[in-house]
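*Asks:* Have a look at the structure that comes next, please.
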Amino acid sequence: MTTDDIGYYFAYCTWLDPRLLKARAPSARVVTLGRAHNRRVEFRRSADLEGSKGWCHLSDTGDAWGRVAYGAVIAMSPPRDARVFAANEARFLTVHGDDGAVYDCWTYCLNDPGEPMRVPDYEWDHIVAGVEAWALPRSYAAELRATYDGAETCPDAGRANPVLIPDE
(Lines of atoms letter the chains of each structure in order from A and count residues from 1; the text may use other names and numbers.)
(Lines give C-alpha, C1' and ligand atoms only; values in the text may rest on other atoms or scores of the structure.)
Protein backbone atom coordinates (compact mmCIF):
# COMPACT_ATOMS: atom_id res chain seq x y z
CA MET A 1 0.00 0.00 0.00
CA THR A 2 1.29 3.43 -0.86
CA THR A 3 0.14 6.76 0.48
CA ASP A 4 -1.25 7.48 -3.00
CA ASP A 5 -3.84 4.75 -2.43
CA ILE A 6 -5.22 6.41 0.71
CA GLY A 7 -8.56 8.13 0.41
CA TYR A 8 -11.51 8.95 2.61
CA TYR A 9 -14.05 6.19 2.97
CA PHE A 10 -17.49 6.87 4.42
CA ALA A 11 -18.15 3.94 6.75
CA TYR A 12 -21.81 3.31 7.45
CA CYS A 13 -23.82 0.28 8.54
CA THR A 14 -21.64 -2.74 9.38
CA TRP A 15 -18.33 -0.91 8.88
CA LEU A 16 -19.17 1.33 11.84
CA ASP A 17 -18.37 -1.58 14.15
CA PRO A 18 -14.77 -0.85 15.20
CA ARG A 19 -14.02 -4.60 15.45
CA LEU A 20 -15.17 -5.28 11.89
CA LEU A 21 -13.33 -2.26 10.55
CA LYS A 22 -10.11 -3.47 12.19
CA ALA A 23 -10.61 -7.01 10.85
CA ARG A 24 -11.30 -5.87 7.28
CA ALA A 25 -8.96 -2.88 7.08
CA PRO A 26 -6.29 -3.10 9.82
CA SER A 27 -4.41 0.01 8.65
CA ALA A 28 -7.55 2.18 8.43
CA ARG A 29 -7.64 5.29 10.61
CA VAL A 30 -10.83 6.96 11.87
CA VAL A 31 -10.66 10.69 11.06
CA THR A 32 -14.01 11.87 12.44
CA LEU A 33 -17.67 11.02 12.61
CA GLY A 34 -19.72 12.57 9.85
CA ARG A 35 -23.03 13.01 8.13
CA ALA A 36 -24.03 12.45 4.52
CA HIS A 37 -26.97 14.69 3.68
CA ASN A 38 -29.80 13.52 1.43
CA ARG A 39 -28.77 9.89 1.97
CA ARG A 40 -30.65 7.07 3.65
CA VAL A 41 -29.50 3.64 4.77
CA GLU A 42 -31.67 0.90 3.31
CA PHE A 43 -31.52 -2.88 3.56
CA ARG A 44 -32.09 -4.48 0.16
CA ARG A 45 -31.34 -7.61 -1.75
CA SER A 46 -29.18 -7.30 -4.82
CA ALA A 47 -31.28 -7.50 -7.98
CA ASP A 48 -28.28 -8.86 -9.93
CA LEU A 49 -27.54 -11.74 -7.52
CA GLU A 50 -30.32 -14.31 -7.59
CA GLY A 51 -31.43 -15.46 -4.15
CA SER A 52 -29.05 -13.07 -2.44
CA LYS A 53 -29.07 -12.03 1.18
CA GLY A 54 -29.89 -8.52 2.28
CA TRP A 55 -27.19 -5.86 1.92
CA CYS A 56 -26.68 -2.38 3.32
CA HIS A 57 -27.33 0.28 0.70
CA LEU A 58 -26.85 4.05 0.95
CA SER A 59 -29.65 5.50 -1.13
CA ASP A 60 -29.65 8.98 -2.61
CA THR A 61 -33.04 8.71 -4.31
CA GLY A 62 -36.70 8.74 -3.32
CA ASP A 63 -37.27 9.49 0.34
CA ALA A 64 -33.53 10.02 0.98
CA TRP A 65 -34.07 13.71 0.26
CA GLY A 66 -33.91 15.69 3.51
CA ARG A 67 -32.50 12.77 5.53
CA VAL A 68 -29.07 12.31 7.03
CA ALA A 69 -26.98 9.14 7.15
CA TYR A 70 -24.46 8.99 9.98
CA GLY A 71 -21.12 7.32 9.66
CA ALA A 72 -17.39 7.75 10.05
CA VAL A 73 -14.80 9.26 7.75
CA ILE A 74 -12.00 6.70 7.48
CA ALA A 75 -8.57 7.22 5.90
CA MET A 76 -7.86 3.96 4.09
CA SER A 77 -7.04 2.24 0.84
CA PRO A 78 -9.77 0.35 -1.02
CA PRO A 79 -9.98 -3.31 0.08
CA ARG A 80 -8.10 -5.63 -2.27
CA ASP A 81 -10.50 -8.51 -1.70
CA ALA A 82 -13.35 -8.04 -4.20
CA ARG A 83 -15.53 -10.50 -2.25
CA VAL A 84 -15.94 -7.89 0.49
CA PHE A 85 -18.19 -5.89 -1.84
CA ALA A 86 -19.43 -8.53 -4.28
CA ALA A 87 -22.69 -6.80 -5.28
CA ASN A 88 -21.53 -3.23 -4.81
CA GLU A 89 -19.95 -0.36 -6.68
CA ALA A 90 -17.97 2.61 -5.43
CA ARG A 91 -19.82 5.90 -5.24
CA PHE A 92 -18.57 9.32 -4.29
CA LEU A 93 -20.24 11.70 -1.88
CA THR A 94 -19.67 14.73 0.30
CA VAL A 95 -19.56 14.15 4.05
CA HIS A 96 -19.75 16.84 6.71
CA GLY A 97 -17.41 15.88 9.52
CA ASP A 98 -18.08 16.49 13.19
CA ASP A 99 -14.67 18.22 13.18
CA GLY A 100 -16.14 21.01 10.99
CA ALA A 101 -14.38 19.89 7.79
CA VAL A 102 -16.06 18.71 4.60
CA TYR A 103 -14.72 15.50 3.05
CA ASP A 104 -14.91 14.05 -0.44
CA CYS A 105 -15.44 10.38 0.32
CA TRP A 106 -16.08 7.14 -1.48
CA THR A 107 -18.30 4.38 -0.22
CA TYR A 108 -20.03 1.32 -1.58
CA CYS A 109 -23.67 1.03 -2.59
CA LEU A 110 -25.54 -1.78 -4.29
CA ASN A 111 -25.05 -1.96 -8.06
CA ASP A 112 -28.71 -2.79 -8.57
CA PRO A 113 -30.83 -2.46 -5.41
CA GLY A 114 -33.69 -4.92 -5.34
CA GLU A 115 -36.58 -5.33 -2.93
CA PRO A 116 -36.18 -4.45 0.75
CA MET A 117 -34.53 -7.36 2.59
CA ARG A 118 -32.90 -7.53 5.99
CA VAL A 119 -29.20 -8.22 6.34
CA PRO A 120 -28.16 -11.49 8.05
CA ASP A 121 -28.26 -11.46 11.86
CA TYR A 122 -24.49 -11.15 12.28
CA GLU A 123 -24.47 -8.03 10.07
CA TRP A 124 -27.32 -6.47 12.06
CA ASP A 125 -25.28 -7.16 15.21
CA HIS A 126 -22.34 -5.23 13.65
CA ILE A 127 -24.66 -2.31 12.83
CA VAL A 128 -25.98 -2.15 16.39
CA ALA A 129 -22.44 -2.44 17.80
CA GLY A 130 -21.27 0.44 15.58
CA VAL A 131 -24.18 2.71 16.48
CA GLU A 132 -23.47 2.06 20.16
CA ALA A 133 -19.67 2.37 19.86
CA TRP A 134 -19.94 5.82 18.27
CA ALA A 135 -22.91 6.92 20.40
CA LEU A 136 -24.92 7.91 17.34
CA PRO A 137 -28.24 9.66 18.03
CA ARG A 138 -31.02 7.45 19.41
CA SER A 139 -33.37 8.83 16.76
CA TYR A 140 -30.98 7.55 14.08
CA ALA A 141 -30.76 4.13 15.74
CA ALA A 142 -34.58 4.03 15.82
CA GLU A 143 -34.74 4.98 12.12
CA LEU A 144 -32.34 2.16 11.23
CA ARG A 145 -34.36 -0.30 13.32
CA ALA A 146 -37.63 0.75 11.65
CA THR A 147 -36.06 0.35 8.19
CA TYR A 148 -34.72 -3.08 9.17
CA ASP A 149 -38.06 -4.18 10.65
CA GLY A 150 -39.90 -2.99 7.52
CA ALA A 151 -37.82 -5.20 5.21
CA GLU A 152 -38.40 -8.84 4.31
CA THR A 153 -36.59 -11.41 6.44
CA CYS A 154 -33.28 -12.58 4.99
CA PRO A 155 -33.61 -16.20 3.76
CA ASP A 156 -30.25 -17.05 5.35
CA ALA A 157 -30.51 -14.83 8.44
CA GLY A 158 -28.66 -17.19 10.78
CA ARG A 159 -25.68 -17.87 8.55
CA ALA A 160 -22.21 -17.70 10.09
CA ASN A 161 -20.13 -14.54 9.97
CA PRO A 162 -17.49 -15.06 7.23
CA VAL A 163 -15.08 -12.52 8.79
CA LEU A 164 -12.95 -13.61 11.73
CA ILE A 165 -13.50 -10.99 14.42
CA PRO A 166 -11.11 -11.05 17.38
CA ASP A 167 -12.88 -11.82 20.69
CA GLU A 168 -15.96 -13.19 18.96
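Residue numbers for the sequence shown follow the numbering used here, so the first one is -18 and each next one is one higher. Think of the CB as a built atom: it goes at the ideal place given N, C-alpha and C, for glycine as much as any other residue. On a predicted model such as this, the values are computed, not experimentally measured, just so you know.
Applying the criterion that 16 or more other CB atoms from any shown protein chain within 10 Å of the CB defines a buried residue, is T88 buried or exposed?
*Replies:* buried
*Asks:* Got a sec? Which residues, its chain only, sit under 8 angstroms from S40 by beta carbon, not counting five neighbours each side?
*Replies:* R20, R21, V22, E23, C90 and P94
*Asks:* Just reading off the alpha helix (DSSP H) that T13 is part of, what are its end residues?
*Replies:* That residue, T13, is in no alpha helix (DSSP H); its beta strand (DSSP E) goes R10 to H18.
*Asks:* Determine, using beta carbons only, whether R5 and V144 come nearer to each other than 8 angstroms.
*Replies:* yes
*Asks:* Under the three-state reduction of DSSP, which class applies to T134: helix, strand or coil?
*Replies:* Correct three-state label for T134: coil.
*Asks:* In its own chain, which residues sit with a C-beta less than 6 angstroms from the C-beta of V76, not counting the 5 before and 5 after it?
*Replies:* F(-9), G15, A17, V54, Y84 and C86
*Asks:* Take T134 as the anchor and find which of R99, L125, L117 and W105 has the nearest alpha-carbon.
*Replies:* R99
*Asks:* Considering R5, what are the terminal residues of the alpha helix (DSSP H) in which it resides?
*Replies:* Unbroken alpha helix (DSSP H) run through R5: P(-1) to R5.
*Asks:* Going by beta carbon distance, what residues of the same chain come within less than 8 angstroms of R25, once the five residues before and after it are set aside?
*Replies:* G35, W36, H38, L91, P94, G95, E96, P97, M98 and A132
*Asks:* Looking only at its chain, what residues have a beta carbon closer than 6 angstroms to the beta carbon of W46, apart from the 5 residues adjacent to it on each side?
*Replies:* Within the same chain, Cβ atoms closer than 6 angstroms to the Cβ of W46 are found at N19, the five residues on either side in sequence being excluded.
*Asks:* What are the boundary residues of the alpha helix (DSSP H) that includes A114?
*Replies:* D102 to A114
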